[in-house]
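First residue of the sequence shown? That's 1 in UniProt numbering, and the numbers climb one at a time after it.
For each residue, glycine too, the CB sits at the ideal point set by N, CA and C.
These numbers come from a predicted model, not from an experiment.
Scroll down for the structure; my scribbles are underneath it.
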Amino acid sequence: SDRSTKRPNAIRVRRLRGESLWCSNEYSCSETQKIVQLCVFCLSLRSVCLLMQVSMPCVLFAASPSELRLKGGTNAEMAPQIDYTMMVFKPIVEKFGFKFDCDIKMRGYYPKGGGEVIVRMSPVKQLDPINLTDRGSVTKIYGRAFVAGVLPLKVAKDMAAAAVRCIRKEIRDLYVNIQPLQESRDQAFGNGSGIIIVAETSTGCLFAGSSLGKRGVNADKVGIEAAEVLLANLRHGGTVDEYLQDQLIIFMALANGISRIKTGPVTLHTQTAIHFAEQLAKAKFTVKKSEEEEDASKDAYIIECEGIGMANPHL
Numbered sequence: 001s002d003r004s005t006k007r008p009n010a011i012r013v014r015r016l017r018g019e020s021l022w023c024s025n026e027y028s029c030s031e032t033q034k035i036v037q038l039c040v041f042c043l044s045l046r047s048v049c050l051l052m053q054v055s056m057p058c059v060l061f062a063a064s065p066s067e068l069r070l071k072g073g074t075n076a077e078m079a080p081q082i083d084y085t086m087m088v089f090k091p092i093v094e095k096f097g098f099k100f101d102c103d104i105k106m107r108g109y110y111p112k113g114g115g116e117v118i119v120r121m122s123p124v125k126q127l128d129p130i131n132l133t134d135r136g137s138v139t140k141i142y143g144r145a146f147v148a149g150v151l152p153l154k155v156a157k158d159m160a161a162a163a164v165r166c167i168r169k170e171i172r173d174l175y176v177n178i179q180p181l182q183e184s185r186d187q188a189f190g191n192g193s194g195i196i197i198v199a200e201t202s203t204g205c206l207f208a209g210s211s212l213g214k215r216g217v218n219a220d221k222v223g224i225e226a227a228e229v230l231l232a233n234l235r236h237g238g239t240v241d242e243y244l245q246d247q248l249i250i251f252m253a254l255a256n257g258i259s260r261i262k263t264g265p266v267t268l269h270t271q272t273a274i275h276f277a278e279q280l281a282k283a284k285f286t287v288k289k290s291e292e293e294e295d296a297s298k299d300a301y302i303i304e305c306e307g308i309g310m311a312n313p314h315l
């Protein structure tokens, strides 16, 4: 890393594909605890959710509570939307035995970014293993279709309506509640639109389909794309969707015990995450076809990991 005069008290921590991340540290102490504050600026649209993913396992094993101030895109292409992080990732990853708060100060969209999210969490001694192998039945389907900036609310309504029509062709016995929303100007930077749809099961499993609006793409098409992604993830019989499976691997590797999750087809991202978790953490993973009778005609797999039982030396 090198010092920079462009941003006071900042350190350039990484350059990747011609883009920069900026990081500044501040420390504040009280009589009872020391709070570590880390501010990371992503100087283009790169996703704050990806920054959250890589930082979370580190601060979980820190010596004191942490506050991450992440700046960049909250709803960006090729990355989880902040809504996915809040509605799907958060409740599932907290099954490992920790909690975190995520405060969306400002949403940011392509091409300007400008979003800001504050994440607060306390360290843990160890992570608990998880067992997500019982799918249950789908009991709720809900979501949000949003527009921001100059885009009219009608765009959100059209996305929501198209998504509902698509889902009801396959799932007729559930009410699909997708709320169209206009983001307020003091909570969203720039123009943007998108949709996320979540399916919740009787055992607490969560699946999602999402899509972002693009210039020249009809709102109906955006809504249908999100609905089709959700339906595809429901068909495979797993307990996590294709986007969550790889995000859980590092936590399974660090946990104290054996974790199991049932997935659909194992993604390349998940295969890569397993490879590096085995190489770097020495965790042991096995991936095998689900032998459950109900999965006989489905492309379902069990990912099992014997975690290394990482212990926080500070606690």
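- Cβ neighbours of Ser-55 within its own chain (closer than 7 Å, five residues either side excluded): Leu-68.
- Sixteen is the threshold: when 16 or more other Cβ atoms of the shown chains lie within 10 Å of the Cβ of Val-117, as they do, the residue is buried.
- With at least 16 other beta carbons inside 10 angstroms of its own, Phe-189 counts as buried.
- Assigned with DSSP and collapsed to three states, Gly-143 falls in strand.
- Apart from the 5 residues on each side of it in sequence, Ala-273 sits with its Cβ closer than 7 Å to the Cβ of Asp-246, Ile-249 and Ile-250 in its chain, given in chain order.
- Within the same chain, Cβ atoms closer than 8 Å to the Cβ of Val-266 are found at Gln-245, Val-287, Tyr-301 and Ile-303, the five residues on either side in sequence being excluded.
- Inter-residue distance for Gln-179 and Arg-168 is about 16 Å (C-alpha atoms, whole angstroms).
- For Gly-204, the three-state secondary structure derived from DSSP is coil.
- Just measuring C-alpha positions, the residue of Leu-151, Ser-137 and Phe-61 sitting nearest Pro-313 is Phe-61.
- Here Asn-177 is exposed. Its C-beta has fewer than 16 other C-beta atoms within 10 Å.
- A distance below 7 Å between beta-carbons, with the five flanking residues on each side excluded, links Ala-79 to the following residues of its chain, in chain order: Ser-47, Cys-49 and Leu-50.
- CA-to-CA, the gap between Ile-197 and Lys-157 works out to about 14 Å.
- In this structure, Ala-283 keeps its C-beta atom at 8 Å or more from the C-beta atom of Gly-257.
- An exposed status is given to Cys-58, since fewer than 16 other beta-carbon atoms sit within 10 Å of its beta-carbon.
- Within the region 249 to 284, the runs of beta strand (DSSP E) that reach at least 3 residues and sit entirely inside it are, in chain order, 258 to 263.
- A straight line joining the alpha-carbon of Gln-271 with that of Val-217 spans about 32 Å.
- In the structure shown, Ser-297 adopts coil according to DSSP, grouped into three states.
- Look at the beta carbons and you see the region 103 to 110 not touching the region 228 to 245: under three pairs across the two are nearer than 8 Å.
- Relative to Val-119, the option among Ala-162, Ala-160 and Lys-71 whose CA is nearest is Lys-71.
- Cβ contact annotation for Thr-85 (same chain, cutoff 6 Å, sequence separation greater than five): Cys-49, in chain order.
- Under the three-state reduction of DSSP output, Gln-245 falls in the helix class.
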